[in-house]
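This report refers to the structure that appears directly beneath it.
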Amino acid sequence: MQMVYYWEHECGWVNYLDPYYFWNFEGKVKCAGCDKVARFRFLNGMLLEGPTEVDEEADVLPLYADNPDRGYEAIKVGTEGKTRPFYGLMRDPATYTGKARIRTENFRGKFIRATPNQPKKAGVIESRRFAWIDRTKSKDVWEKDSYPGKPVYGRFKVGEEVEEEHLEE
Amino acid sequence: MSDEKYEEKYVELEINDVKDTLLPRPWPVTEPRKREELYAPWVKDPRDPDGSYGEFVEENIHYRKAVGKPWALDGLIVLDCTVMGMAGAIAASYLGELGATVIKVEPIEGDPQRYWYPFGREEYAFEDIYTGEKVSPTFIHEHRNEYSITLNLETEKGRELFKKLAVHADIVLENYPPGTFDEWGIGYRQLSKINPKLIYAWFGQLGQWGSMKDRVSKYGQWMLDPVGLSASEYVHSTGFPADLLPREFGGNPTRSGEWVGDIVAGVWGTVAILAALYYRENVSGRGQFIEATSAESYMEILDFNISWYAYDGSIKARIGGWDPNLNQYAWNPCKDGYMMIGGQSDRLWYRILQVIAQEDPEGARLIAEDPFLKEMAARNALEGLIKTYTVTAHWLVSNTRAEAEAKMNAREVAAAPVLMIDEIAEYEHFVYRGHVMEIMDEHYGRVLISNSPLAHQHRTPARIKWVGRPLGLDNGEIFARYLGVGPEEIKKLAREGVTTWYHE
Amino acid sequence: MEKKVWDPNPPGSWSFDPPRDTDPVTGDDLEKIPFEEYCRRMFDPDKVWEKPEALKGWRHISSTMYILSPHVGATLGEFGAEVIKVEMPKLGDPMRHTSPFNEAYLWPETDHRPMVGTGMGFLHANDNKYFITLDYHAPEAKELYYDLIRISDSMAECYRPGTFYRWGIGYPQLKEVNPRLIYIYLGGFGNYGPRRYGGSYDILGQAVGGLAAITGWHEDFGGHPTKQTNWLIDWYSGLTGLIGVLAAAHYRRKTGLGTFIDLSQISCSTRATGYAFPLYGRFGVVRQRWGNWDTLLSVHGIIMTGKTDEPEHPNPQISVESRYVMVSAFQDEDFRELCYVIGRPDLWEKYSSARERVKPEAQIEIYRALEEWASDKSRSEVVETLNNAGLIAVPVFSAKDVYECEHFWERGTLRWVDDPIFGDVLTHGATVKMSETPPRVKWVWRPIGADNIRIYHELLGYPLPKLKELWEKGII
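Residue numbers (the working numbering), protein chains in the order written: chain A, -7 to 161; chain B, 2 to 505; chain C, 674 to 1149.
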């Protein structure tokens, strides 16, 4: 029996039909890539019917789709008319990025070190203990080629100056 | 009844009616392999090349070697006055399993837990073989190694006797509504005067003090679990989101199947009690007042939730059988149930992929090629979870739990099926280790019970001696030992409604 | 000048005083004040830092990863022990890469990869610890480790069974080095048994241990087994292990001997299944999932209301989800009152016996009636109506509600930790209340190897050139 949870449409886009929602499902799904609609019938994970293309309105959109032929270009969750939004998010869905949130202030406006180490001139972290981290491991220092901690073939070069400073602290 | 008879009945058993389920049955149906087989020379493992570690553990740590070893908390006396809630029961049973003398002080009609049958079905009661007294499986399971005495603390006489008992006690546990014991003159304020060494722990849902403290209803009903779970955002963030499972099918905030808020409060309370004991024994010589609530205890272990809110106002959302922090780390439906697969680091994550690729190369390709999924942390994004789990579930559809488990374990991926209760009771490893074990109780016969997790120790393992006891069974023993009150006196007190007399 | 007299019981010494009768500051008679006021003073969160620590002087080595085994050390640390966490040089604990939806990180993770942050997943299982690095594979590591163990009370590890033994630092070897050592192994399947080499995670414990089997909606209602939102079986099993450690310390006072504890987190999950095993063993009945209702009591469950409290809020967790209420009215009078409040006295007549209303059919009918009644009300309306009727109803709190709940702030449950490195972090705090030796959070965590100098040099006394040599070899 044929089973389709990632529905690879002939247009080249792959629609991901998330298993819990579609485990027992009967209805029409729209391909996020080419807007064609197909009917599916799943029972306990088995595809009993479909995908049969129909010329009707879709019941539901997939959550996510991507295209392997275009270097995995993706249609993310909640793209208007393409994928359905995911309301089970922890914040306003518009601000969800899936990337690290860089911030120096927490919810009540106080300093928090939730940002990569800044140079001293940025003036955000200097006053704290372990200030040597800011002085020696900040973004500018790290980006220099001579930075001693950079891995070389899985091992670590050791630079004298920085090492001594480490020991002083 | 001999074993052969069990066998016969088991084979003949055909369930047409609830009554048919009331017959005892054999356990385990399949015996686990023997030690000799597991450690036989031909299964020698590079992880234990000369077998000496396995030998050491089997000889010293195995729970069957526990008999006769000393008890860690030998000599401590615990008065467990908790009723209804599970927290005190957990604390008391952990202390009891480690060797303390735990005396459960019950009202004369007994702890209501005794009569809480699953779905109200009295058929599921365990009967005392001497008196026929019925008790619920919950009580049997949660009150191990506890003596049972009855004492009506609402009477002056009962409280007087309780005070006399408390003089001997090291630890008192209670969970009455805030201030009840204090009003009765047996709270920490009063007891610490007569016994400064006393460690007194109160268990509850929200607290004895504060603007939202525990309260009782107009008719005197207590707050019980999951009140604490609801107030600690546990319920809010457990369950399936409506995006993955529509609300009418259960895509709602979900409570735990068991009263885990109370269980965690009980464990936290026990930790605090033992820390206080350490301080008392080594430093101060004095006890202290401890308060453990379900809401706060649970909040303490709710990962980073409140810190994340304070970070940028994010609220952890429900994500069902998945985990928003790790990929892969979830259970998904499979051919005959649900299969849990976990492997976050690149090493394990790609091993999972290799297994999937054997049968579903197309799906594996979609994952392996995608640049977005290459980095470990980036995979935790929602899109990463949806894509990975969809492909994994697609593979699982054609695999049973056993097949998937075998294939994953062959590559040392941590994978395991979601097991039902009967499957757990029969799972070879758990039977071998006695996670689930049968004990022969004097009053209730053979009882299948989950063993203490602390049963596997070199010197002071925890052990279950007996399960929850008939009401007031130990009145005679305890009253004589600590209060100088003999049977005649107890019978007199029983007539006054202060205690009861257990008779066969 | 007033002559100073030596006071054997100076005010504020919490340990040796006899039980107090008067408040040292206000002079109130503690016997007379209301009980709630008494508790407030005994557990006053502002006094935490004036009180001693229960486990002062205890040293614990935490050779751990993830949540389960680090939580033992973190909790010991909250009670005042000196906890030393040993991580692999440069790699650290994998939990540092764990963050919800890849979003929340604190910098830095380590001093040599400054552009990488530590994920929030690392939080709270590692507070109050000192962080050192050691590569156990190196031949020099064994002696270093022995030196640490020699001066320690307890140690926790989580590697697969026998790994430490192969490295020469297993229990059989360490008990020769330090017979007082309490050695706790925490893992999934334990040290012996057919599947002893199986890896494990929290979710595995939930799945095979039994919690998954009883949590969530039954498939007959269209539901699936639900994971407990947090890593419950890691956190709670860690605490269970700690019970074993502290109990063993009690035994050690008498004999001077430590122990080895083999803790399986799956076993902890199995322990938390209530009546499931006695019921199965005697009657062959397999306990199932029962959603938001209760199998022992009714009414005692969570219902959905029709409207949410703040429909305009931008966060869907508030605008959509703040609509659930926990209702508890299982005693006869309470249930009767509830039926009258929702205008269904017929339910009370039908199910006036407590046993009858726990039956599945009854529960389905009762909860449906409750949700129907609540379908045109918001969460706060439902809670208010029921509370005004003298019944117990609690809103299902989100993090926002918890954050805004006065109760948890006045009790010190939530606490802003002014972390020396990471800034202003809110933690759940060490929330069990103790009148004399309350636990406390000092810092949330530190970068990998941040305390190498403090521990190897200042505590063990290794000279700095030696450490530099080890560092160059990649051993620390």
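Built from N, CA and C at the ideal position, the CB exists for glycine as well.
Note that the coordinates shown come from a computational prediction; the quantities given were computed from them, not determined experimentally.
No Cβ of chain C is located within less than 8 Å of the beta carbon of methionine 38 of chain A. Across the structure, isoleucine 316 of chain B and glycine 252 of chain B are spaced so that their CA atoms are roughly 17 Å apart. Here alanine 318 of chain B is near leucine 81 of chain A, since their CB atoms are less than 8 Å apart. Think of a sphere of 7 Å around the beta carbon of asparagine 775 of chain C: the chain B residues whose beta carbon falls inside it are Ala378, Ala379, Asn381, Ala382, in chain order. Residues of the segment 94 to 113 of chain A whose Cβ lies closer than 8 Å to any Cβ of chain B, in chain order: Arg95, Asn98, Phe99, Arg100, Ile104, Ala106.
Taking C-beta atoms as the reference points, glutamine 329 of chain B and isoleucine 342 of chain B count as a pair closer than 8 Å. Residue state for phenylalanine 1081 of chain C is assigned as helix, using DSSP reduced to three classes. Residues of the segment 792 to 819 of chain C with a C-beta less than 7 Å from any C-beta of chain B: Met793, Gly794, Leu796, His797, listed in chain order. In the displayed model, isoleucine 1128 of chain C falls within a helix according to three-state DSSP.
Put simply, the CB of proline 60 of chain A is far from chain C, with every gap to its CB atoms at 8 Å or more. For the segment 466 to 487 of chain B, the set of residues with a beta-carbon nearer than 9 Å to any beta-carbon of chain C comprises Val468, in chain order. In the three-state reduction of the DSSP assignment, glutamate 363 of chain B falls in the helix class.
Its chain contains Pro743, Ala829, Cys831 as the residues whose beta carbon lies nearer than 6 Å to that of threonine 737 of chain C, once the 5 sequence neighbours on both sides are disregarded; these appear in chain order.
Glutamate 41 of chain A and proline 362 of chain B have their C-alpha atoms roughly 23 Å apart.
Neighbourhood of valine 759 of chain C in chain A, by CB distance below 8 Å: empty, with the nearest CB roughly 19 Å away. Around lysine 22 of chain A, the same chain offers Val29, Ala50, Leu53 as residues with beta carbons nearer than 6 Å, after the five sequence neighbours per side are excluded. Taking 7 Å as the cut-off between beta carbons, the residues of the segment 988 to 1022 of chain C near chain A are Asn988, Pro989, Gln990, Val993, in sequence order.
Within chain A, the residues Met82, Arg83 have their CB atoms less than 8 Å from the CB of isoleucine 316 of chain B, given in chain order. For a Cβ distance threshold of 8 Å, nothing in chain A lies close to phenylalanine 1070 of chain C: the least Cβ distance comes to about 15 Å. As summarised for the segment 253 to 320 of chain B, the continuous alpha helix (DSSP H) elements at least 4 residues long and confined to that stretch are 261 to 280, 295 to 301, 306 to 313, given in chain order.
Threonine 1058 of chain C: not part of any beta strand (DSSP E); member of the alpha helix (DSSP H) spanning 1052 to 1061, first to last residue. Beyond the five residues adjoining it in sequence on each side, arginine 955 of chain C comes within less than 8 Å, by CB distance, of no other residue in the same chain.
The beta carbons of valine 1000 of chain C and glycine 974 of chain C sit closer together than 8 Å. In the DSSP assignment, arginine 434 of chain B falls outside any beta strand (DSSP E) and within the unbroken alpha helix (DSSP H) covering 429 to 434. DSSP, read as helix, strand or coil, puts isoleucine 976 of chain C in strand. Between the alpha carbons of histidine 891 of chain C and arginine 93 of chain A lies a distance of about 38 Å. When C-beta distances to chain B are compared with 7 Å, the residues of the segment 15 to 34 of chain A below that value are Trp15, in chain order.
The CB of alanine 949 of chain C comes closer than 7 Å to the CB of Ile422 in chain B, given here in chain order. Of B:Leu74, B:Gly344, B:Gly321, B:Asp347, the smallest CA-CA separation from threonine 928 of chain C is found for B:Leu74. Per the coordinates, the alpha-carbon of serine 910 of chain C lies some 42 Å from the alpha-carbon of aspartate 702 of chain C.
Taking a cut-off of 8 Å on C-beta distances, the segment 226 to 243 of chain B does not touch the segment 1016 to 1029 of chain C, as fewer than three cross pairs fall below it. Per DSSP, the continuous alpha helix (DSSP H) segment holding methionine 409 of chain B begins and ends at 402 to 410.
Membership of glycine 860 of chain C in the beta strand (DSSP E) is indicated by the continuous run 855 to 860. Of all residues in the segment 709 to 725 of chain C, the ones placed with a Cβ closer than 7 Å to any Cβ belonging to chain B are Glu709, Tyr711, Cys712, Arg713, Met715, Phe716, in chain order.
For chain A, the residues of the segment 238 to 251 of chain B that bring a beta carbon within less than 7 Å of one of its beta carbons are Phe241, Pro242, Ala243, Asp244, Leu245, Leu246, in chain order. Taken in chain order, the complete alpha helix (DSSP H) segments of 4 or more residues contained in the segment 892 to 977 of chain C are 905 to 928, 938 to 944, 949 to 956.
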